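Visitor:
Numbering (our numbering), first residue to last: 8 to 392.
1. What do you reckon, are the CB atoms on residue 51 and residue 121 nearer than 7 Å?
2. So what does residue 54 bridge to, in DSSP terms?
3. When the distance is taken between beta carbons, is residue 143 closer than 7 Å to residue 44?
4. Ends of the beta strand (DSSP E) at residue 178?
5. Identify whether residue 235 lies in helix, strand or coil by the three-state DSSP scheme.
6. Going by DSSP in three states, residue 319 sits in which element: helix, strand or coil?
7. Within the same chain, show all residues whose beta-carbon is closer than 8 Å to that of residue 145, passing over the 5 residues directly before and after it, in chain order.
8. Exposed or buried, what is residue 263 when buried is set at 16 or more other beta-carbons lying within 10 Å of its beta-carbon?
9. Just checking residue 67 against the ligand NAP - is the residue's beta carbon closer than 6 Å to any of the ligand's heavy atoms?
10. Taking the CB atoms as reference points, tell me whether residue 288 and residue 225 lie closer together than 7 Å.
11. Taking the beta carbon of residue 30 as the centre, do at least 16 other beta carbons fall within 10 Å, making it buried, or is it exposed?
12. Taking residue 329 as the reference, give the member of 221, 241, 193 and 88 with the closest Cα.
13. What residue from 77, 303 and 276 has the CA that sits closest to residue 257's CA?
14. Might you give, ordered along the chain, the residues of its own chain that have their beta carbon closer than 7 Å to the beta carbon of residue 372, omitting 5 neighbours on each side?
15. Per DSSP, what are the beta-bridge partners of residue 79 in this structure?
16. Where does residue 288 sit, in a helix, a strand or coil, going by DSSP?
17. Taking residue 335 as the reference, which of 64, 260 and 187 has the closest Cα?
18. What are the complete alpha helix (DSSP H) segments, minimum 4 residues, inside the stretch 193 to 234?
19. Span of the beta strand (DSSP E) holding residue 183?
20. Who are the near neighbours of residue 67 in its chain, counting only those whose CB is closer than 7 Å to its CB and skipping five residues on each side?
21. Please report the residue range of the beta strand (DSSP E) in which residue 144 lies.
22. Could you tell me the alpha carbon to alpha carbon distance between residue 267 and residue 162, rounded to whole angstroms?
23. What three-state label does DSSP hand residue 42 in the structure shown?
24. How is the beta strand (DSSP E) around residue 97 delimited, first residue to last?
25. Looking at the secondary structure, which residues open and close the alpha helix (DSSP H) in which residue 365 lies?
26. Identify, in the order they occur along the chain, each residue of the same chain with its Cβ nearer than 8 Å to the Cβ of residue 309, setting aside the five sequence neighbours on each side.
27. Keeping to the same chain, check which residues put their C-beta closer than 7 Å to that of residue 279; ignore five residues upstream and five downstream.
28. What span of residues does the beta strand (DSSP E) with residue 351 cover, start to end?
29. Consult DSSP for residue 116 and reduce its assignment to one of helix, strand or coil.
Encoded structure:
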């Protein structure tokens, strides 16, 4: 029997309450005309390869091999969740802010997400001597880019309401790197847990700001089950059998940490919904959408396994911190679609497709998106250089 106080039951009860409360009042929307995205490498469609000082891994083959047949700056072998959402809405793939757009017009959307980005500003980690060699383009920097873009979207910021009320705002996934850096540097669980309320506050402040600028529909993703990540399983390998979930092989304490972040995020979204009843704030349950194929990989076609990376430098999980995907010595599997993990920390296009499908057609959007435009998009999309 599941305890009423357990994280699983908490999430189930919260989901049901959220569904009953919000799905009944979420009226059918007009078609979305644009997507505005913020986040990290789970959503970055090419910003990092245009600015990065570390020659972004996603600019190297075999990144992009499955769908685009070349590296595009996406940290996967192909499309990301944001790409599948754009397809379903009949919109172009969301162009990276730093790459400009093909016609100089971002009114169909723009992606500010940057690989390695954190929810908290760089100074927070510098003060705690937690190095981040990847980027300082935190969520706050991305919001600054958004504000800089406003004059080109409309004559004056208040006038952007006409555009934004027909736009979908993706606020994340963000926050994962706030935990990745300290965890992978073996900082203590107790210390990292103190970061979570601060991360949630940063996400909540971003949502509040976007709503004040006119955003009406916002999608806020949860944290993924980091205990199932090949990189975490490699770096934080435990000699204690009891540290692992016997069904999935994931590190239990790390997944419980993700659940803790997600519980606080749900509470913050409830607060924001009460404060902004005119806005629709949608919880995207990446965690449970992904846990399906960690629990039953064969059912979803992942016969290469759920935990071992397709592309990497060897080891039990094909993850080697000194020989990364795209570098000399790394190998890549013949069929990425049979794997969940792409490079140890990011997922394959096939895994992202299943998550996106679970959001759009399944129970993992709360409330669900009700728009007549879903499934009207062509799968032959323009790509922005």
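Beta carbons are placed, not taken as given, at the ideal position from N, Cα and C, and that holds for glycine. Since the model is a prediction, treat every value here as computed from it, not as a measurement.
Guide: On the basis of the supplied data:
1. yes
2. According to DSSP, which records beta bridges pairwise, residue 54 is partnered with nothing at all.
3. no
4. 174 to 178
5. helix
6. strand
7. 124, 125, 126, 127, 128 and 129
8. exposed
9. Annotation note on the ligand NAP: not contained in the displayed structure, which lists no ligands.
10. yes
11. Since pLDDT at residue 30 reaches only 37, below the 50 mark, its modelled position is unreliable, and the value read off the structure follows with that caveat. Answer is exposed; the Cβ neighbour count stays below 16.
12. 241
13. 303
14. 289, 291 and 366
15. DSSP, once it has assigned bridges, lists no residue as partnering residue 79.
16. strand
17. 64
18. 196 to 200 and 203 to 219
19. Not the beta strand (DSSP E): residue 183 falls in the alpha helix (DSSP H), residues 183 to 191.
20. 78 and 333
21. Note, residue 144: premise wrong, no beta strand (DSSP E); not H, not E.
22. 42 Å
23. strand
24. That residue, residue 97, is in no beta strand (DSSP E); it is neither H nor E in DSSP.
25. 356 to 367
26. 300, 345, 346, 347, 357 and 358
27. 211, 214, 215 and 288
28. Unbroken run through residue 351: none, as it is neither H nor E.
29. strand
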